[in-house]
Ligand SMILES: Cc1cc2nc3c(=O)[nH]c(=O)nc-3n(C[C@H](O)[C@H](O)[C@H](O)COP(=O)(O)O)c2cc1C
Ligand code: SF4
Ligand code: SF4
Ligand code: FES
Ligand code: FES
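Residue numbers (this note's numbering), protein chains in the order written: chain A, 184 to 333; chain B, 5 to 576.
1. In angstroms, rounded to a whole number, what distance separates the CA positions of residue 279 of chain B and residue 264 of chain B?
2. Using a C-beta cutoff of 8 Å, does residue 259 of chain A count as contacting chain B?
3. Beta-carbon distances below 6 Å to any heavy atom of ligand 3 define the shell here; list its residues in chain order, please.
4. Under a Cβ-count criterion, where at least 16 other Cβ atoms within 10 Å of its own Cβ denotes burial, should residue 507 of chain B be classed as buried or exposed?
5. For residue 176 of chain B, would you say it is in contact with chain A, using Cβ-to-Cβ distances shorter than 8 Å as the test?
6. Interface residues of chain A around residue 216 of chain B at Cβ under 8 Å?
7. Going by beta-carbon coordinates alone, are residue 308 of chain B and residue 361 of chain B separated by less than 8 Å?
8. Following the continuous beta strand (DSSP E) through residue 571 of chain B, name the residue where it begins and the one where it ends.
9. Name the chain A residues whose beta carbon is nearer than 9 Å to that of residue 338 of chain B?
10. With a threshold of 6 Å on Cβ separation, who are the neighbours of residue 588 of chain B within its own chain once the five nearest residues in sequence on each side are excluded?
11. Along the chain, where does the beta strand (DSSP E) containing residue 291 of chain A start, and where does it finish?
12. Let's test the definition: count the other Cβ atoms within 10 Å of the Cβ of residue 56 of chain B and tell me whether it reaches 16, buried, or not, exposed.
13. Is any heavy atom in ligand 4 found nearer than 7 Å to the beta carbon of residue 376 of chain B?
14. Please list the terminal residues of the continuous alpha helix (DSSP H) segment that includes residue 211 of chain A.
15. Identify every run of the beta strand (DSSP E) within the stretch 254-307 of chain A, keeping only runs that are complete inside it and at least 3 residues long; order them along the chain.
16. How do the stretch 5-20 of chain B and the stretch 55-75 of chain B stand: do at least 3 beta-carbon pairs fall below 8 Å, yes or no?
17. Since residue 216 of chain A and residue 250 of chain A are thought to touch, with beta carbons under 8 Å apart, how far apart are those beta carbons, to the nearest angstrom?
18. Using only CA atoms, which one of A/191, A/208, A/198 and A/188 lies nearest to residue 293 of chain B?
19. Going by alpha carbons, who is nearest to residue 4 of chain B out of B/373, B/348, B/342 and B/349?
20. Per DSSP, what kind of secondary structure is residue 521 of chain B in: helix, strand or coil?
21. Sorted by chain position, which residues of the same chain lie with C-beta nearer than 7 Å to residue 317 of chain B's C-beta, five sequence neighbours on each side aside?
22. Residue 291 of chain B bridges to which residues according to DSSP?
23. Under DSSP, the beta strand (DSSP E) around residue 167 of chain B begins and ends at which residues?
24. Which residue or residues does DSSP assign as beta-bridge partners of residue 64 of chain B?
25. Given the structure, does residue 307 of chain A come close to ligand 4, in the sense that its CB is under 7 Å from one of the ligand's heavy atoms?
26. What did DSSP end up calling residue 376 of chain B once you bin it into helix, strand or coil?
27. Do you know how far the Cα of residue 518 of chain B is from the Cα of residue 568 of chain B?
28. Using DSSP's beta-bridge definition, name the partner residues of residue 256 of chain B.
29. Should residue 284 of chain B go down as buried or exposed, given a rule of 16 or more other Cβ atoms within 10 Å for buried?
30. Could you name the residues of the stretch 224-257 of chain A whose beta carbon sits closer than 8 Å to any beta carbon of chain B, in the order they occur along the chain?
31. With burial defined as no fewer than 16 other Cβ atoms inside 10 Å of the residue's Cβ, what is the status of residue 186 of chain B: buried or exposed?
32. Tell me where the beta strand (DSSP E) around residue 42 of chain B begins and ends.
33. Closer than 8 Å is the cut-off here; do at least three beta carbon pairs connect the stretch 534-548 of chain B with the stretch 476-490 of chain B?
34. In whole angstroms, give me the CA-to-CA distance for residue 267 of chain B and residue 415 of chain B.
35. With respect to the alpha helix (DSSP H) encompassing residue 345 of chain B, which residues constitute its N-terminal and C-terminal limits?
36. Looking at C-beta atoms only, is the number of pairs between the stretch 371-385 of chain B and the stretch 417-436 of chain B that lie closer than 8 Å three or more?
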């Protein structure tokens, strides 16, 4: 077993733990690299294509290294109704990023998610898990500037 | 006046998003010897962060929109008048709090606190009965599945109970896929023991040996609380059901809406791609790894302890003929008091939206229930009673409990496009009609919202929708066209305006709208010019429609409200 992924041993080898294993990789490395796929395939004794099949099925798994600050824009129903498309546009203008991308400097990555669970505070986004509610353009620009200055 | 005995701070996800953790830390630092307890949701999302001061005499004072400042925290400690929160009287009158009785009132991860509030009384009573009698109690209650389908819960239990097998599997569906719903999250975060108690009762009644909770990975706090609660259950040996010990395992979903469907969920539990399969065999015949398997929703399980504690007949006193008990709704969208509400079955839609939610009667045009599988109901029909059967006659469904209020300034075509955008991406791709048909429908709606639609597009939508419903294997494809069918039924004129007049009456669809400055109101302050990210506003305060991206930045920046969205071609 590739040493770098020896922590996989904490989940059982049965194939029903495949998703759990991939979740562990992602929470440790932030994404699932080609190397990781090879290590997972070996560990569960499954073909690599099967791993890729599972990865591509579930929206949670990332195949690209995320930025230092992971922006999750909510596009759940409540946020959509309350103007999340505008928030997307503002982020695009500020950072020139589209969902699924990481900025060239590696600072920000962007994804859209369906409902962060605080619909009553819509529109909402989160950066590295911290939620920002009732976004306005001014507020959003300020938040991004703060992260850029960090 | 009485003194403060305990301070409760709502620190569920919603509270945390509004800064409740900072409030709690500050309270702890300044409350001296008064215990400060983190609790779940009280359901008044719009007033988060919330603090409840429980007094020695048993009464309590609630504070809303509490700021994380010494001043506001000290005001609470002194039981000051400022910032006191009152439950809107209309809401108090119409809500019926049963399932959520302990939400926000007990410490979610304090076992003794739950027990002190009659927790596990239902399980105790069940264990003193024969398993068949427990199933009968649930049948008597009339409880129906809260996950959207509305299947009678007692009947489902009797199917699994009748099976003979070395292992029987029980699953709690905590995938909560509707992207505008948070009832299940809130219940699991606030009173995890109640959900688990329901599962244990079900396991005893049906003879299940292994229990799974399939929870969205996006709900870390719910998962954390459930894990702690499961450990406490094992410590107190409550997982010992008469003749056997049962195991409870949490599995995290990985972000696929279709995994809320029973057979897809089981495939995902087995570690595979979550693709639905044909039924029969039904899971109760052959499910997880071939074992008889039964799936119920979080809220369904949350009702069970009450039924066993008070008796099925007592429970059945609430609700209507065909729909018993209460229902939780996640109220959001265009209204004054968004939040989590619990209402008796049979209440009217209007009572929920206007009286409880405080929505503006002059502005509301529809409400969407059932999320992407449901439909919209126009305001003219708000006197409909909310139960499984009445909503169906209007082309909507009760769904799992997402309820989105839509005002006149939202476009119904765009709303339908949004739901189709979601479902066509979430289709697992197995059925051609679902995969290809939904994509075509989505593209058609996209064209109409861009002002490029034709009359034929409307015929196409009406023609393909029933074909997708008929040709799809699982509930995703069978229901995904519903938002389009419902908007076509009630808001066909909006579609026609987009197509014939290139008009979006809600002024939402960007392709048909431009921004304009009213020079009579403008005071030439220049704020709009500075706020525009693409320099579309010139020195004479004219907006160049070719440059403008309709991002609304200037509109928000203008202190005089001199900037409007208008139809292309309309001059003010
Ligand atoms: C596409 C799709 C998504 C679903 N998502 C959920 C869900 O997130 N939560 C849920 O409890 N049921 C969901 N269901 C319904 C479940 O398949 C199932 O009917 C339900 O969990 C049964 O529990 P109940 O009888 O207690 O309602 C979904 C169904 C479909 C077709
Ligand atoms: S109806 Fe759609 S989501 Fe359901 S199985 Fe078929 S392709 Fe998959
Ligand atoms: S912000 Fe408003 S008032 Fe100020 S210049 Fe622009 S349009 Fe005029
Ligand atoms: S829809 Fe955005 S938080 Fe729920
Ligand atoms: S109060 Fe928790 S869901 Fe809003």
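Ideal placement from N, C-alpha and C gives every residue a C-beta, glycine not left out.
Reading from the atomic positions:
1. If you draw a straight line from the Cα of residue 279 of chain B to the Cα of residue 264 of chain B, it is about 11 Å long.
2. Interface residue, yes.
3. Result (chain order): B/521, B/526, B/527, B/528, B/529, B/530, B/531, B/532, B/545, B/561, B/562, B/564, B/566 and B/567.
4. Within 10 angstroms of the beta-carbon of residue 507 of chain B lie 16 or more other beta-carbons, which makes it buried.
5. In terms of beta-carbon proximity, residue 176 of chain B stays away from the interface with chain A, with every pair separated by 8 Å or more.
6. From the beta-carbon of residue 216 of chain B, no residue of chain A is found nearer than 8 Å; the closest lies around 11 Å away.
7. No; because the gap between Cβ atoms is not below 8 Å, this pair is not in contact.
8. The continuous beta strand (DSSP E) containing residue 571 of chain B extends over residues 567-571.
9. Listed along chain A, the residues sitting closer than 9 Å to residue 338 of chain B by beta-carbon distance are 264 and 265.
10. Since the displayed chain B opens at 5 and closes at 576, residue 588 of chain B lies outside it and no answer follows.
11. 291-296 is the span of the beta strand (DSSP E), which, as asked, contains residue 291 of chain A.
12. Buried.
13. Flag unset: Cβ of residue 376 of chain B not near ligand 4.
14. Per DSSP, the unbroken alpha helix (DSSP H) holding residue 211 of chain A starts and ends at 201-212.
15. Annotation note: the stretch 254-307 of chain A contains the following uninterrupted beta strand (DSSP E) runs of length 3 or greater, listed N- to C-terminal: 291-296.
16. Touching, per the Cβ criterion.
17. Between the beta-carbon of residue 216 of chain A and that of residue 250 of chain A there is about 16 Å, and that puts the pair past the 8 Å contact cut.
18. The shortest Cα separation from residue 293 of chain B among A/191, A/208, A/198 and A/188 belongs to A/198.
19. Missing from the structure shown is residue 4 of chain B; chain B here goes from 5 to 576 and no further.
20. Looking at residue 521 of chain B - three-state DSSP - the assignment turns out to be strand.
21. Only 144 meet the Cβ criterion.
22. None, per the DSSP bridge assignment.
23. Run containing residue 167 of chain B: none; DSSP gives neither H nor E here.
24. Residue 64 of chain B is bridged to B/58.
25. At least one heavy atom of ligand 4 falls within 7 Å of the beta-carbon of residue 307 of chain A.
26. Residue state for residue 376 of chain B is assigned as helix, using DSSP reduced to three classes.
27. Each residue's CA atom was taken as its position, placing residue 568 of chain B and residue 518 of chain B some 8 Å apart.
28. Paired residue(s): B/219.
29. It is exposed - the Cβ of residue 284 of chain B has fewer than 16 other Cβ atoms within 10 Å.
30. Listed by position along the chain: 236, 237, 240, 241, 242, 243 and 244.
31. Buried, by the Cβ-count rule.
32. From DSSP, the beta strand (DSSP E) with residue 42 of chain B extends over 40-43.
33. Verdict: no, contact absent.
34. Roughly 35 Å between the two C-alpha positions.
35. Careful: residue 345 of chain B lies outside any alpha helix (DSSP H), inside the beta strand (DSSP E) at 343-348.
36. A contact exists between the stretch 371-385 of chain B and the stretch 417-436 of chain B.
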